[in-house]
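Here's the structure we're looking at; comments come further down.
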Amino acid sequence: MNREEARLRELGLWPAHGLVARRSRSAENPPPAVLAPAPSPDGQPDERPTTSTLDWTPLEAAIRSCEACGLCRTRRQAVPGTGSRTARVLVVGEAPGAEEDQRGEPFVGRAGELLDQMLLAVGLDRRRVYIANVLKCRPPENRNPTPDEVEACSPFLRRQIALLQPAVILALGSFAARALLGGEGKVGALRGGRHLYESIPVVVSYHPAYLLRSPQEKLRAWEDLCRLQDALAEVDGAPGVAPSPAATASTASVRLDAGR
Ligand code: URA
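Quick note, my numbering runs 19 ahead of the 1-based positions in the sequence shown.
Put into structure tokens, the structure is as follows:
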């Protein structure tokens, strides 16, 4: 068993007939016919107009001191995001959970461990991508974000995207997908589709917390990660997959950092 197979086994994805073959046969992943529209300007005035001009450090400070919704009263701390500010891949989750609230970093609990493994399986590691959530503060009891909370927090994610200018966005779960793409779509319906946030390709996949509960969907999540690789390669104008220091994925050539 080679190292890639070993990593896939760790993820519960091996043996899976045709898995590697599927990865390399792009003809089996044809682009869907419909491009989802870029989110239209929502017409809502940004209640904190300065957010749209902040650089990284003041943006993080604004997130940490934000009182735009009631979550500021129950959070231990806000969780702005983590990773490389020159990353070409932005991973967007839903909201911090208990461990993230405690540590101030996104995806550090069990779902985060799975996310790390999945990213590594396609040659990405968390230090070389940027990871953020739709909500920067933990909803009590890990309940779903409310529409008001999403709206109050969305200027922060918008500004993070504007600063990062990622080549590709990976949206994990329906809250991330809806925040980026608008609409009410479910992950099952959105994944596999070609979507854009402004002009940035968005790959939609299952949230790792859902995968922990539904491991039978990991194979589909793996397919989505392969789509992420393809989207990166497409942006670069060449097929291929990037290595990272910890990567075991088989091919190389997509750049992970913007080199900015
Ligand atoms: N789930 C998320 O969506 N984000 C985190 O940071 C942790 C768990």
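From the three backbone atoms N, C-alpha and C, an ideal C-beta is built for every residue, glycine too.
Which residues DSSP lists as bridging residue i, in chain order
i, result
"I188", "L109, V221"
"I150", "T101, V110"
Which of helix, strand or coil DSSP assigns to residue i
i, result
"T101", "strand"
"L215", "strand"
"D163", "In the sequence as displayed, the identity of residue 163 is Asn instead of Asp. Three-state result, N163: coil."
"S45", "Its pLDDT being 40, under 50, S45 is placed unreliably in this model, and the value from its coordinates should be taken loosely. S45: helix per DSSP, three-state reduction."
"D144", "coil"
"S233", "coil"
"V127", "coil"
Whether residue i touches residue j by CB criterion (8 Å)
i, j, result
"P174", "R107", "no"
"V187", "L230", "no"
"R14", "Y149", "Because the chain spans 20 through 279 in this model, residue 14 falls outside it and cannot be assessed."
"I180", "L73", "no"
"G100", "A151", "yes"
Top-ranked residue by Cα proximity to residue i, from the options
i, options, result
"R213", "V223, G207, K205", "V223"
"E170", "A195, A190, R232", "A195"
"R147", "P158, R157, K155, D135", "D135"
"P361", "V221, I219, E168, F126", "The structure shown does not extend to residue 361, since the chain is modelled only from 20 to 279, so the question has no answer here."
"G207", "R239, L189, C85", "R239"
"A130", "L183, D249, S233", "S233"
"D120", "C156, C172, M137", "C156"
Within-8 Å CB hit, residue i to chain D
i, result
"V254", "The displayed structure is made up of one protein chain only, and chain D is not part of it."
Check: residue i C-beta below 7 Å from any heavy atom of ligand 3
i, result
"A130", "Ligands in the displayed structure: ligand 1; ligand 3 is not one of them."
Self-check item: Contact between the region 125-145 and the region 80-92 (3+ Cβ pairs under 8 Å)
Solution: They do not touch, by the three-pair rule.
Quiz item: Is the region 99-115 close to the region 146-164, with three or more CB pairs under 8 Å?
Solution: Because the criterion of three Cβ pairs below 8 Å is met, the region 99-115 and the region 146-164 touch.
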